[in-house]
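Asks: Pasting a structure below so you can have a look.
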Amino acid sequence: MTVDTIPNFPSIMATFHPEDTVEVQLLGVSQMFFTDDTGDARSKALAYLWGVAKEPDLNRPIRVNTRAADNSPAVLIVTPGGTYYDEAHPNDTWPIAEPVDQLATPLDAPTPAAIVEQEAAPAPTGAVTAAETPALAHPAIPLTPPRAGTQLLAGPDVPRHHERKSFIAEGPVLEPAKQGWRGAVNWVGMRLDPGADELLWRDDVKQVSRHWPGPRTIAIANGKGSANKTPTTVMLAAVFARFGGAGVLAWDNNETRGSLAWRTQQSGHSNTVLELLPQAEKLLGTGAQSAEMSYFAHHQPEDKFDVLHSDQSVDGEHEVSGEEVDAIHRVAAKYYRLIMMDSGNNERAVNWRSMIEHSQQLVVPCTNVEDTAEAGARMLEALANRDEHSRKLAQNAVAIISKRTSGKDPNMDRIVKDFAPLVREVVTIPYDKA
């Protein structure tokens, strides 16, 4: 396994505090290590990370983000074989001392068994001791291996009052497993820790549950019809609303008649953006209340988000303008924390371009049908050459590729491979016969 292929999971951060203290956060749960008679904090933290790396369900190198007391960052790679190295210098490896006694004072934190339930495997025989390892002889330095010509100085021996454990619990408590066979066993009274897959799932839930200071807008766009734009909009809105709570709006920003209204539940009215537009200034006033949006938006009881329909009239002649998109977005940004903007197929339309101007994130849905992928790629290329804001959106875009057919399709692998250089990340959705 090369440095570039080492996964970022589990999420680990090691922070060096004054007075020879190291804090390790494993999946957001803190563990403190102190220098005392049993050893220095740095060696204890390394031994703990070694135990994580060699857990049976992992048994691979792990990536550790570190922050020194001066806030300088570095990335370490800790291997299950008992060595570590700086990501920037993979050829310079350093041994990890075998733990002597109690490693740390925990703050309701997981041991390496937070990744798997089994105890850590015994250390390899012949492990180098702290006294024999120059890299481990300085308790006041960070985990990053010392470079040639660097002088290392230990701080003075002063009383340490930080060893008292706080009465206030710090960090989240690791809940027992709820999924898989571990979860089934826990239903009958056991208390097993979650496995690696469940921990990864919990980390995903944590990410989509985040709230930000100020509203965020995500554009879901592809110039080709049947590229899965509207289902992607619905699914993204449901995930963010179910786990992150209320305040999510799915807005059908089609210049004429979109299909978002057909694919979601309807409230006790048939209002659309056309009914909202005349009331925009009133809704932006100081006397307006959030409950008034229920007259225009359609709430989804199970998925917890709201839907704003485009005009559904077959005989209608109104096409949404860029100024009208600006007005609707001001209202949406006042009442919602996250706005998902579904779009039509015309990248030249002024309402489509206005959507791009308001967005902080771009999602490009397509399928394993070549023309949807080609349309998405051409759209990204056009945005990259338009202006600075559009270029950043294209570079940071996420492509979601859905498989529309069962069985093996070589197009899927080819589309994923060709999309990778164009976007920040490519996500695939397997075929679902439903």
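For the sequence shown, position 190 (counting from the first letter as 1) is numbered 189 according to numbering that gives the first Met the number 0, and the numbering increases by one without interruption. C-beta atoms are modelled at their ideal positions from N, C-alpha and C, and glycine is treated no differently.
1) I need the straight-line Cα distance from glutamine 359 to threonine 231, nearest angstrom please.
2) Look at the alpha carbon of asparagine 444 and the alpha carbon of leucine 361, and state the distance between them as a whole number of angstroms.
3) Give the DSSP-derived three-state secondary structure of methionine 196 in the structure shown.
4) Going by DSSP, name the residue or residues bridged to arginine 390.
5) Just to confirm, is the Cβ distance from proline 193 to proline 175 under 9 Å?
6) Please go through the same chain and pick out, in chain order, the residues whose beta-carbon is closer than 8 Å to the beta-carbon of arginine 262, but skip the five residues on each side of it.
7) Could you spell out the range, first to last residue, of the alpha helix (DSSP H) harbouring proline 230?
8) Could you pull the start and end residues of the beta strand (DSSP E) that asparagine 64 belongs to?
9) Verify whether the separation of the beta carbon atoms of isoleucine 5 and isoleucine 95 is less than 9 Å.
10) Counting along the chain, where does the beta strand (DSSP E) carrying histidine 16 start and finish?
11) Which one of Phe32, Gly244 and Ala279 has the shortest CA to CA distance from leucine 45?
12) Pull the bridge partners of glycine 38 from the DSSP assignment, please.
13) For the putative contact between valine 422 and leucine 379, defined by C-beta atoms under 8 Å, what is the C-beta separation to the nearest angstrom?
14) Round the Cβ separation of asparagine 410 and glutamate 369 to the nearest angstrom and send it over; I've been treating them as touching at under 8 Å.
15) DSSP three-state label for tryptophan 180, please.
16) If we require 4 or more residues per run, which alpha helix (DSSP H) segments fall completely within the stretch 250 to 336?
17) Do you know how far the Cα of glutamine 30 is from the Cα of lysine 177?
18) Between which two residues does the beta strand (DSSP E) carrying serine 401 extend?
19) Could you tell me which residues DSSP puts in a beta bridge with tryptophan 93?
20) With a threshold of 6 Å on Cβ separation, who are the neighbours of glycine 246 within its own chain once the five nearest residues in sequence on each side are excluded?
21) Taking the DSSP output, what are the residues bridged to threonine 4?
22) Suppose you measure from the CA of proline 214 to the CA of histidine 328; what does that come to, to the nearest Å?
23) Classify alanine 119: buried if its beta carbon has 16 or more other beta carbons within 10 angstroms, exposed otherwise.
24) Return the first residue and the last residue of the beta strand (DSSP E) that threonine 216 is part of.
25) Could you compute how far the alpha carbon of phenylalanine 15 sits from the alpha carbon of histidine 357?
26) Quick one: what does DSSP say proline 72 is sitting in, helix, strand or coil?
27) Tell me which same chain residues have a C-beta within less than 7 Å of the C-beta of lysine 391, skipping the five on either side of it?
28) What span of residues does the beta strand (DSSP E) with valine 21 cover, start to end?
29) Under 9 Å between the Cβ atoms of histidine 317 and leucine 307?
30) So what does DSSP say about glutamine 206, is it helix, strand or coil?
31) Could you give the C-beta distance for asparagine 252 and aspartate 341, rounded to a whole number, given that I count them as a contact under 8 Å?
32) With a 10 Å radius around its C-beta and 16 neighbouring C-beta atoms as the bar for buried, classify glutamate 323 as buried or exposed.
33) Beta carbon of leucine 259, beta carbon of serine 309: below 9 Å?
34) Could you tell me which residues DSSP puts in a beta bridge with glutamate 424?
35) For proline 277, which of Ser42, Ser289, Gln265 and Val330 has the nearest alpha-carbon?
36) Any idea what DSSP makes of serine 29, helix, strand or coil?
Replies: In brief:
1) 17 Å
2) The shown model of the chain, from 0 to 433, leaves out residue 444, and the question about it has no answer.
3) Here the sequence assigns aspartate to residue 196, which means methionine is not the residue at that position. Three-state result, aspartate 196: helix.
4) Note: arginine 390 sits in no beta bridge, so no partner.
5) yes
6) Excluding sequence neighbours, arginine 262 sits near Thr229, Pro230 and Val233.
7) 228 to 243
8) Where asparagine 64 is concerned, the enclosing beta strand (DSSP E) stretches over 61 to 66.
9) no
10) 11 to 16
11) Phe32
12) Asp35
13) 7 Å
14) Sure, about 6 Å apart at Cβ, within 8 Å.
15) helix
16) Taking only runs of at least 4 residues, the alpha helix (DSSP H) segments lying wholly in the stretch 250 to 336 are 272 to 275, 279 to 282 and 321 to 334.
17) 23 Å
18) 397 to 401
19) Tyr83
20) Within the same chain, and ignoring the five residues on either side of glycine 246 in sequence, the residues whose Cβ sits closer than 6 Å to its Cβ are Tyr335 and Arg336.
21) Answer is none; threonine 4 lacks a bridge partner.
22) 10 Å
23) Because alanine 119 sits at a pLDDT of 40, beneath the cut-off of 50, its placement in the model cannot be relied upon, and the following sentence gives the value as read from the coordinates. Buried, by the Cβ-count rule.
24) 215 to 219
25) 40 Å
26) In this structure, proline 72 counts as strand in the three-state DSSP scheme.
27) Non-local beta-carbon contacts of lysine 391 in its own chain, meaning distances under 7 Å to residues more than five positions away in sequence, are absent.
28) 20 to 25
29) For histidine 317 and leucine 307, no; Cβs fall outside 9 Å.
30) helix
31) The Cβ separation is near 6 Å, so the contact holds.
32) Burial call: buried.
33) yes
34) According to DSSP, which records beta bridges pairwise, glutamate 424 is partnered with Val397.
35) Residue Val330 is the option with its Cα nearest to proline 277.
36) It is a strand residue.
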